[in-house]
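Enquirer:
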Amino acid sequence: MELLFNLTLNGLATGMLIFLLAAGLTLIFGLMDVLNFAHGGLFAWGAYSGIWIYTTTGSFLFGIIGAILTGFLLGIITEKWIIKPVYGNHVQQILITLGLMLVLSEMLKVIWGPNQLTANPPEYLRGSWEIGDMIIIKYRVFIIVVGLLVFAGVQFLLKNTKIGLVVRAGVMNKEMVQALGINIKKVFMFVFMIGSGMAALGGVLFGPYSGVIHAGMGMEFAILAFIVVVIGGMGNFTGSVMAAILVGLSGSFMAYFVPELSLAVNMLLMAVVLIVKPQGLFGGKG
Amino acid sequence: MSELLKINNIETYIGQYHILQGVTLEVKKGEVTVLLGRNGAGKTTTLRTIMGLNPASKGSIVFKGEEIQSLPTYTIAQKGIGYVPEDQGIFAGLTVEENMKVAIQKENEETHKRLDYILNLFPDLKKFWKKPGGLLSGGQKQMLSIARAYVNDNQLLLIDEPSKGLAPIVVEKVMESILQMKDQTTIVLVEQNFMMASTIGDCFYIIDDGRTVSTGPMKQLKEDEEMKRKYLGIA
Amino acid sequence: MAERGEGMKWIVNNRMNAIYLIIAAFLLLLPFVYESRNMLILLTQIFVFAILAMSYDLLLGFTGIVSFGHAMFFGIGAYSIGIFMKRFEPTMLHFIYAVLATILITAIVSFIVGLLTLRLKSHFYAMLTMALAGLFLVLAEKWRTLTFGNDGFTFRVPEIFIDRTNFYIICLVTMIAVFMILKRFTNSPLGRVLQAIRENEQRTESLGYQVLHYKIAASVVSGVLAGIAGIFYAMSLRYVNTSVFTMDITLDALLMTIIGGVGTLVGAIIGAGLIEFAHDGLTELAKEHWIFERWIIFFGIIYILVVIFFPLGIVGTLRKFTWKRRKLESAKKKENLAG
Ligand SMILES: Nc1ncnc2c1ncn2[C@@H]1O[C@H](COP(=O)(O)OP(=O)(O)OP(=O)(O)O)[C@@H](O)[C@H]1O
Ligand SMILES: [Mg+2]
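Protein chains in written order, with our numbering: chain A, 1 to 286; chain B, 1001 to 1235; chain C, 2001 to 2339.
#1: Pull up the CB-CB distance for Lys-1131 of chain B and Val-1096 of chain B, whole angstroms please, since I reckon it's below 8 Å.
#2: Nearest to Leu-2059 of chain C by CA position, among C:Met-2180, C:Val-2173 and C:Val-2262, is which residue?
#3: I'd like to check one pair, Thr-1199 of chain B with Met-1175 of chain B: are the Cβ atoms closer than 8 Å?
#4: Going by alpha carbons, who is nearest to Ile-2304 of chain C out of A:Asp-33, A:Leu-95, A:Leu-158 and A:Tyr-87?
#5: Check whether chain A comes within 8 Å of Phe-1091 of chain B, counting only Cβ atoms and requiring the distance to be less than that.
#6: Check whether the region 1026 to 1042 of chain B touches the region 1187 to 1199 of chain B, counting contact only when three or more Cβ pairs, one atom from each stretch, lie closer than 8 Å.
#7: Is there at least one Cβ from chain B nearer than 8 Å to Arg-168 of chain A's Cβ?
#8: Using a C-beta cutoff of 8 Å, does Gln-1105 of chain B count as contacting chain A?
#9: Would you mind telling me which residues of chain E sit closer than 8 Å to Val-103 of chain A, beta carbon to beta carbon, in chain order?
#10: How would you label His-1018 of chain B, buried or exposed, when you count the other beta carbons within 10 angstroms and need 16 or more for buried?
#11: Assign Gly-2227 of chain C to one of three DSSP states: helix, strand, or coil.
#12: Does the beta-carbon of Lys-1044 of chain B, which I'm using as the reference point, lie nearer than 7 Å to any heavy atom of ligand 2?
#13: List the residues that DSSP assigns as beta-bridge partners of Ala-1056 of chain B.
#14: Within 8 Å (strictly less), CB to CB, does Met-2127 of chain C reach chain A?
#15: Tell me whether Val-1190 of chain B counts as near ligand 2, meaning its Cβ is closer than 7 Å to at least one heavy atom of that ligand.
#16: Quick one: what does DSSP say Trp-2143 of chain C is sitting in, helix, strand or coil?
#17: Does the region 8 to 19 of chain A come close enough to the region 155 to 171 of chain A that 3 or more CB-CB pairs lie under 8 Å?
#18: Return the chain-ordered ranges of every alpha helix (DSSP H) run that is complete within the region 2237 to 2261 of chain C and spans a minimum of 4 residues.
#19: Which whole-angstrom value is the C-beta distance of Ile-1187 of chain B and Leu-1157 of chain B, which I expect to be below 8 Å?
#20: What residues of chain B sit near Leu-165 of chain A, judged by a beta carbon separation below 8 Å?
#21: So with CB distances below 9 Å, who are the chain A contacts of Gln-1069 of chain B?
#22: Assuming Leu-249 of chain A and Leu-3 of chain A form a contact by the criterion Cβ under 8 Å, report the distance between their Cβ atoms to the nearest whole angstrom.
#23: Met-2247 of chain C versus chain A: which residues are under 7 Å apart at the beta carbon?
#24: For the candidate residues A:Arg-126, A:Lys-162, A:Ile-245 and A:Leu-35, whose alpha-carbon lies nearest to that of Ile-144 of chain A?
#25: Say the cut is 7 Å; is the CB of Asn-947 of chain B nearer than that to a heavy atom of ligand 1?
#26: Report whether the distance from the Cβ of Tyr-1017 of chain B to the nearest heavy atom of ligand 1 is below 7 Å.
#27: Residues of the region 254 to 272 of chain A with a CB closer than 9 Å to any CB of chain C: list them in chain order, please.
#28: I'd like to know whether the C-beta of Val-228 of chain A is nearer than 8 Å to at least one C-beta of chain C.
#29: What does a CB cutoff of less than 6 Å around Thr-2317 of chain C pick up in its chain, not counting 5 residues either side in sequence?
#30: Just verifying my parser: in three-state terms, what is the DSSP assignment at Ile-2297 of chain C?
#31: So for Phe-2155 of chain C, helix, strand or coil by DSSP?
#32: For the alpha helix (DSSP H) containing Gly-195 of chain A, name the first residue and the last one.
#33: What does Leu-1053 of chain B touch in chain A if you count any residue whose Cβ is under 9 Å from its own?
#34: Is there a Cβ from chain C that is less than 8 Å from the Cβ of Glu-79 of chain A?
#35: Rounded C-beta distance between Phe-2245 of chain C and Met-2072 of chain C? I'm assuming under 8 Å.
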């Protein structure tokens, strides 16, 4: 019982981190038809910049804010200088974002050195609560709560604001959005920024969760995020959160019971989805 | 200056295909100008070129005295042109209400008046206000699309085959509503249904093989059996 | 005699082919006149990566498919040879078994990946190959009884491959063979369909071609050749570890193809040469200044600039210029004739 509970909690926390990465990926894809292979790089940049600010200032909150701002900034730069010049050409876009991934990861090593950095949760999130014989690690709960808040926030944005509506409309029919007098390029920029910010937030939260961060983490998480994006349906925001939880949970349970197969199971899931329902497990676009 | 829109000899490529090879149009304020022509003649492409969705490579498009042929689509729309595409362009996953919200450019008194007016014209939209656009019937989609184009302060509406795939009774309804709106805006209408075209239209242009080949007042076309047979395939 | 006459004509008719022939002859003779072990090893490495890059070019340049998991096929080849040589005697027979195993496995894997994703948008192939390569990497790390985990293992190679010069020649000949085969393949009717797919997939489909079949065929040929490259790579080191499955290998192939020029084959070879030489030179420079340890960053930046500004790469850009010049010249000639 206790074991199951802990594995679930762990899976949910991991799922939320993957969600933060996958959500931006899926939104950017749905709206702009761009699969951003550099998205994992933003995750790693969020982790490094955030943890660096956190250790220098001693404030985790500053770290988080710093990471998000870094994400916003990198997102804007990426959209403006990397994606825009090759807009409309799929192959070039895929290739160029991978190049950016390369540069982003290497830049991390140039700035912060090639070795991994360590990170611990701040005092108030350390340790655990004990309820009966159950031990609940605080930091995991914290990640889950933050993830859910972000989900709710973005959901609110998409459902209740004009720009959110435009984003959803753009996913369905870009031309029509423009024919209604909306500058979709500005919307692209906005979505890219938000997506990058979420990825960076995921990265900084991951730091104290795993205890160490390294430049290769972006790629590792990006693969999980791709799996999630496919399972949830490319461009489907609500799908991405469910798929992320699914992948997080299956990863957590498999890692405990049959560690060798944990990535394989997720891959298999993705393969099955690709065969039977390439538009994703959770309905069409939306 | 009574021409609201003047198109001067435009040419448009889609990919490597030379689709429009010289289209010239004059649209007078307050009139309904009907574009006719057989399937694949280039009527839709003409409207898309006006909207900047398939930009013209040659020629000029003057709207309210200003050249718009090289502006991006959204700016063209903001200048006061509403577009009802052939496939209606409904955002399927968005409700009727949300579809309208995306369309509304300025939230003001006047817009609300227009919204009220159009909802009275199409009571079905009010009825299914919270229903996803994708679940509407063909006629309702057409109404929603027209409403979206109408709700902004547009001086010109481009409407592409509103009768396509609709039952005769629904066609009549759509036709009536366009007739009503006629008093307030200028309309360029692509229409294959000759009955509808001739009832609403003030003047006509025939497009064939990417070129405007004939124009005149609607009355004239009604009587010209030869022309109808040649370009429209109606005896 | 007649045949030789034909040969001469062929050479005269094809300036480019003549140049290739001269370079090939030069490379063949090189080890006998210039004895530098380091140079030999570097060139061998270039040949091996040229095979990998050409296999990549078949996908990207000739069919318009982006793979981010090419390392997977490379790694399968590398581990196949390693495992056969380690488990059994390092004989020619086992070498052949290893080659057969590589062909079989890479063909099956690339067939399945192709079948799953090639009917969807290009993103899916890129994504699935990337993820699958990740899976193979984990597999190689975890299946310790077979792979000895991260550390990898050393192995012996059949007699004939031991001598560096021999091995150099074998790699060179294999590279040339692969080049000629791919040249043939891409000029064959099948290759032309592939290029038509790259240009306009829908039109090709509407002309009645089963686009999916052709794409899968390209995917399989490319996968098998990448596997062959992996075999030679592992044999050159006589050592294999999990690094053969990493993204770095895929990135190398990608950089070589893009910088050299997509869709040209010879560009892949030139790209391989450039990257490997630069790699070598920058590793030396790293001793002078630490920034050169991060040499990948330079490549990354160059690569991004190439994709934006010279999407045709070195060879493609050169060809475009000579093509334009020729067109100009012939236009002038016509003018002269007319005037
Ligand atoms: N995306 C495209 N690519 C290539 N050709 C196109 C494309 N879109 C339209 N065409 C071609 O352009 C020509 C004009 O098409 P258009 O849609 O403007 O005709 P239309 O007059 O609206 O016909 P219909 O009455 O059938 O709607 C047709 O021959 C069509 O095949
Ligand atoms: Mg049409």
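Glycine is no exception: its CB is placed at the ideal position from the N, C-alpha and C atoms.
Expert: On the basis of the coordinates in this document:
#1: Here residue 1131 of chain B corresponds to residue number 131 of the second sequence, with the count starting at 1. Here residue 1096 of chain B corresponds to residue number 96 of the second sequence, with the count starting at 1. Your pair Lys-1131 of chain B and Val-1096 of chain B checks out as a contact, with CB atoms roughly 6 Å apart and the cut at 8 Å.
#2: Against the third sequence, residue 2059 of chain C aligns to sequence position 59. The candidate whose alpha carbon is nearest that of Leu-2059 of chain C is C:Val-2262.
#3: Translated into positions along the second sequence, residue 1175 of chain B becomes position 175. Translated into positions along the second sequence, residue 1199 of chain B becomes position 199. Here Met-1175 of chain B is near Thr-1199 of chain B, since their CB atoms are less than 8 Å apart.
#4: Along the third sequence, one-based indexing puts residue 2304 of chain C at 304. Of A:Asp-33, A:Leu-95, A:Leu-158 and A:Tyr-87, the residue nearest in Cα terms is A:Leu-95.
#5: Position 91 of the second sequence holds residue 1091 of chain B. Yes, its Cβ sits closer than 8 Å to a Cβ of chain A.
#6: Yes, the region 1026 to 1042 of chain B touches the region 1187 to 1199 of chain B.
#7: Along the first sequence, one-based indexing puts residue 168 of chain A at 168. The beta carbon of Arg-168 of chain A falls within 8 Å of a beta carbon belonging to chain B, placing the residue at that interface.
#8: Residue mapping note: residue 1105 of chain B aligns to position 105 of the second sequence, counting from 1. Cβ-Cβ to chain A under 8 Å: yes for Gln-1105 of chain B.
#9: Within the model displayed, chain E is absent; protein chains A, B and C are what it includes.
#10: On the second sequence, position 18 is the one that residue 1018 of chain B refers to. Counting Cβ neighbours within 10 Å, His-1018 of chain B comes out exposed, since fewer than 16 surround it.
#11: Here residue 2227 of chain C is taken as the residue at index 227 of the third sequence, counted from 1. DSSP, reduced to helix, strand and coil, places Gly-2227 of chain C within a helical segment of the structure shown.
#12: Here residue 1044 of chain B corresponds to residue number 44 of the second sequence, with the count starting at 1. A quick correction: the sequence has Thr, not Lys, at residue 1044 of chain B. Within the cutoff, so yes.
#13: Residue mapping note: residue 1056 of chain B aligns to position 56 of the second sequence, counting from 1. Note: Ala-1056 of chain B sits in a beta bridge opposite B:Thr-1012.
#14: In the third sequence, the residue the question calls residue 2127 of chain C occupies position 127. So yes, Met-2127 of chain C belongs to the interface.
#15: Taking the first residue of the second sequence as 1, we reach residue 1190 of chain B at position 190. It does: the Cβ of Val-1190 of chain B is within 7 Å (strictly closer) of some heavy atom of ligand 2.
#16: Reading the third sequence from its first residue, position 143 is the one you call residue 2143 of chain C. Coil.
#17: Contact fails: fewer than three Cβ-Cβ distances are below 8 Å.
#18: Counting only runs of 4+ residues, the alpha helix (DSSP H) found wholly inside the region 2237 to 2261 of chain C occupies 2247 to 2260, in chain order.
#19: Here residue 1187 of chain B refers to the residue found at position 187 when the second sequence is read from its first residue. Here residue 1157 of chain B refers to the residue found at position 157 when the second sequence is read from its first residue. Yes, they are in contact, since the Cβ atoms of Ile-1187 of chain B and Leu-1157 of chain B sit about 5 Å apart, within 8 Å.
#20: Start at 1 with the first residue of the first sequence, and residue 165 of chain A comes out as number 165. Within chain B, the residues near Leu-165 of chain A are Leu-1094, Glu-1098, Lys-1101 and Val-1102.
#21: Taking the second sequence and counting its residues from 1, one reaches residue 1069 of chain B at position 69. Neighbours of Gln-1069 of chain B on chain A: none; closest Cβ ~16 Å, over 9 Å.
#22: Here residue 249 of chain A is taken as the residue at index 249 of the first sequence, counted from 1. Here residue 3 of chain A is taken as the residue at index 3 of the first sequence, counted from 1. Rounded, the Cβ-Cβ distance is 14 Å, inconsistent with contact.
#23: By 1-based counting over the third sequence, the position of residue 2247 of chain C is 247. Neighbours of Met-2247 of chain C on chain A, chain order: Met-219.
#24: The count along the first sequence starts at 1 and reaches residue 144 of chain A at position 144. Closest by alpha carbon: A:Ile-245.
#25: Look at the range of chain B in this structure, 1001 to 1235, and you will see that residue 947 of chain B is not part of it.
#26: Sequence index remark: in the second sequence, residue 1017 of chain B carries index 17 (1-based). Tyr-1017 of chain B: yes, Cβ under 7 Å from ligand 1.
#27: Against chain C - using a Cβ distance shorter than 9 Å - the residues of the region 254 to 272 of chain A are Pro-259, Glu-260, Ser-262, Leu-263, Ala-264, Asn-266, Met-267, Met-270 and Ala-271.
#28: As a position in the first sequence, residue 228 of chain A is number 228, starting the count at 1. Chain C, which has no Cβ nearer than 8 Å to the Cβ of Val-228 of chain A, makes this no.
#29: Your numbering for residue 2317 of chain C matches position 317 in the third sequence. Phe-2310.
#30: Here residue 2297 of chain C corresponds to residue number 297 of the third sequence, with the count starting at 1. Correct three-state label for Ile-2297 of chain C: helix.
#31: Along the third sequence, one-based indexing puts residue 2155 of chain C at 155. Reduced to three states, the DSSP call for Phe-2155 of chain C is coil.
#32: Within the first sequence, numbered from 1, the residue matching residue 195 of chain A stands at position 195. Taken as a continuous stretch (DSSP letters only), the alpha helix (DSSP H) holding Gly-195 of chain A covers 184 to 210.
#33: Here residue 1053 of chain B refers to the residue found at position 53 when the second sequence is read from its first residue. Chain-order list of chain A residues neighbouring Leu-1053 of chain B: Glu-175, Gln-178 and Ala-179, by C-beta distance under 9 Å.
#34: Here the question's residue 79 of chain A lines up with position 79 in the first sequence. No, Glu-79 of chain A does not count as interfacial toward chain C.
#35: Locating residue 2245 of chain C in the third sequence gives position 245, counting from the first residue. Locating residue 2072 of chain C in the third sequence gives position 72, counting from the first residue. Correct: roughly 7 Å between the Cβ atoms.
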